[in-house]
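Undergrad: One structure, pasted below without further comment.
Numbering (full-length UniProt numbering), first residue to last: 1 to 301.
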């Protein structure tokens, strides 16, 4: 038991020793950092001392130069005073001081008079300039007002012209719409009429096996439709039941005012060739097929 306690105390002492070693290492690091900072401070202090010594030397040099300049200035002043005294003494000795003063006073009076005249002239010029400026400003204001009035009138005229043009465009647009609607109505009516005429023409061209009468002698074709013939075995097959009007080639006449007229029947079925008679019989016995209109060139051929 005592051994265990002693071991625990030894472990505790080891931990305390390790902690003390870490603190010692931290203190050493801090000491190194402080020493570096002290060295840097010393170096800065040395640099500041050197700069101060340089500044002191420059100040000494400047004071020396200033003393030299003061001495030179004193010498120049003494020389100027001596020269002025010599000049005054010479003027007094020669008696020209009174004359020089009189001439100077005369020149000063003349200059004052000239200055007064120049001031008067400048005032007159300023007054004339102000009057001219006022007149020019008045003229400019009048021109601006005239231009403004003309611009207002022109703008009103343009507004009226734009309104007139807009009204004219609206009227034209309405008229165009009315014309377009009327044209559409006329086209629809014309199509209806054409459809009715086509229906009538189709009814007229259908074969009639129960009667031997010829179809109407006049056919109107507003769309340019022409009667057609079907060919079989090299012989033109008639469309109607009797075939006399078809074989009389009445449809091959030239058109007259858009109409095709048939010639009257001139031959009977007994006068037709045997091939035509057989073709007529086959046409009566068989229903008609769809017919295609012939072109005007083929009809005239």
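Note that CB positions come from ideal geometry on N, CA and C, so glycine has one too.
1. Using the C-alpha atoms, what's the distance from residue 99 back to residue 72?
2. Using the Cα positions of residue 204 and residue 184, report the straight-line distance between them to the nearest angstrom.
3. Residue 126 by DSSP, collapsed to three states: which one?
4. Just the Cα atoms here: how many angstroms apart are residue 70 and residue 62?
5. Do you know offhand how far residue 17's Cα is from residue 28's?
6. In three-state DSSP terms, what is residue 106?
7. With a CB to CB cut of under 8 Å and the five nearest residues on each side skipped, what residues in its chain are close to residue 6?
8. So what does DSSP say about residue 256, is it helix, strand or coil?
9. So for residue 43, helix, strand or coil by DSSP?
10. Quick check: what's the CA-CA separation for residue 13 versus residue 30?
11. Taking the alpha-carbon positions, what's the residue 119 to residue 126 distance?
TA: For this structure:
1. 37 Å
2. 30 Å
3. helix
4. 12 Å
5. 16 Å
6. helix
7. none
8. Interpretation of residue 256 is limited by its pLDDT of 49, a score under 50 that renders its predicted location unreliable; the figure taken from the coordinates is listed afterwards. Residue 256: strand per DSSP, three-state reduction.
9. helix
10. 25 Å
11. 10 Å
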